[in-house]
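In full-length UniProt numbering, the protein residues as written are 1 to 172.
Glycine residues also receive a C-beta, built at the ideal position from the N, C-alpha and C atoms.
What follows is a short report on a single structure.
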Ligand code: S3P
């Protein structure tokens, strides 16, 4: 499928477990565009896993890496899925604000909780109760909202999400 006036990069933002990676890969396959998952990119470039970065260097160090590699990826890839906490860092938030196609995937917190509860690969979800996770989600909503060009409900299946995104991207 070809979309007229498609601006790149398309950047997917949203809380953990809202389907950014699944949707990013689907967009890549359907639109024949290059794609990167920022978390995976960081792990590859730094040769260390995200839980190890959190453990050994702390979250604020991770946020600086996230900004550094977001900058790099914006100039290299057509579609980027970001980590749910990227908006915690002011430099990343400012950079994202300047991008035209930032898509916010949002979905019910209970669905998110069931998907990511005790995921050892997600230090900010691991060992959190539904209430704690909901509080983290609520604390981030205004920042997602501030930078999003469009918001898509990701309770739907991936092909429905794809339809919604491409309709919005191709409308004048
Ligand atoms: C985080 C989300 C993760 C990852 C890191 C921190 C967060 O990405 O960047 O574990 O603070 O929300 P996903 O949103 O892909 O899980």
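Cutting at 6 Å between CB atoms, please list the residues of its own chain near residue i, excluding the five before and the five after it.
{"i": "residue 42", "result": "65 and 69"}
{"i": "residue 104", "result": "13, 14, 144, 148 and 151"}
{"i": "residue 91", "result": "67"}
Can you give the Cα-Cα distance for residue i and residue j, rounded to whole angstroms?
{"i": "residue 55", "j": "residue 169", "result": "39 Å"}
{"i": "residue 120", "j": "residue 6", "result": "37 Å"}
{"i": "residue 50", "j": "residue 164", "result": "31 Å"}
{"i": "residue 74", "j": "residue 26", "result": "19 Å"}
{"i": "residue 118", "j": "residue 89", "result": "24 Å"}
{"i": "residue 48", "j": "residue 124", "result": "17 Å"}
{"i": "residue 130", "j": "residue 33", "result": "36 Å"}
{"i": "residue 137", "j": "residue 109", "result": "8 Å"}
{"i": "residue 114", "j": "residue 98", "result": "33 Å"}
Quick one: is the Cβ of residue i within less than 8 Å of any heavy atom of ligand 1?
{"i": "residue 16", "result": "yes"}
{"i": "residue 143", "result": "no"}
{"i": "residue 111", "result": "no"}
{"i": "residue 125", "result": "yes"}
{"i": "residue 20", "result": "yes"}
{"i": "residue 161", "result": "no"}
{"i": "residue 139", "result": "no"}
{"i": "residue 81", "result": "yes"}
{"i": "residue 121", "result": "yes"}
{"i": "residue 174", "result": "Not covered by the structure: residue 174. The range shown for the chain is 1 to 172."}
{"i": "residue 77", "result": "no"}
{"i": "residue 54", "result": "yes"}
Below 7 Å CB to CB, which residues in the same chain sit around residue i once its five sequence neighbours on both sides are set aside?
{"i": "residue 122", "result": "16 and 116"}
{"i": "residue 24", "result": "12, 35, 37, 79 and 81"}
{"i": "residue 45", "result": "69"}
{"i": "residue 126", "result": "118, 119 and 120"}
Considering just the uninterrupted stretch of the beta strand (DSSP E) at residue i, what are its terminal residues?
{"i": "residue 13", "result": "10-13"}
{"i": "residue 80", "result": "79-81"}
{"i": "residue 135", "result": "No beta strand (DSSP E) contains residue 135, which is instead part of the alpha helix (DSSP H) from 130-147."}
{"i": "residue 101", "result": "101-106"}
In the DSSP assignment, the alpha helix (DSSP H) including residue i goes from what residue to what residue?
{"i": "residue 117", "result": "Neither: residue 117 is in no alpha helix (DSSP H) and is coded neither H nor E."}
{"i": "residue 163", "result": "158-170"}
{"i": "residue 30", "result": "20-31"}
{"i": "residue 151", "result": "Counting along the chain, residue 151 falls outside any alpha helix (DSSP H), though it belongs to the beta strand (DSSP E) covering 150-153."}
{"i": "residue 71", "result": "59-74"}
Could you check whether the Cβ of residue i sits closer than 8 Å to any heavy atom belonging to ligand 3?
{"i": "residue 85", "result": "In the structure on display, ligand 3 does not appear, and the ligands it does have are ligand 1."}
What does a CB cutoff of less than 8 Å around residue i pick up in its chain, not counting 5 residues either side in sequence?
{"i": "residue 95", "result": "67, 70, 71 and 74"}
{"i": "residue 38", "result": "66, 69, 70, 73, 80, 81, 82, 83 and 86"}
{"i": "residue 18", "result": "84, 105, 106, 107, 112 and 154"}
{"i": "residue 9", "result": "73, 74, 77, 78, 79, 80, 99 and 101"}
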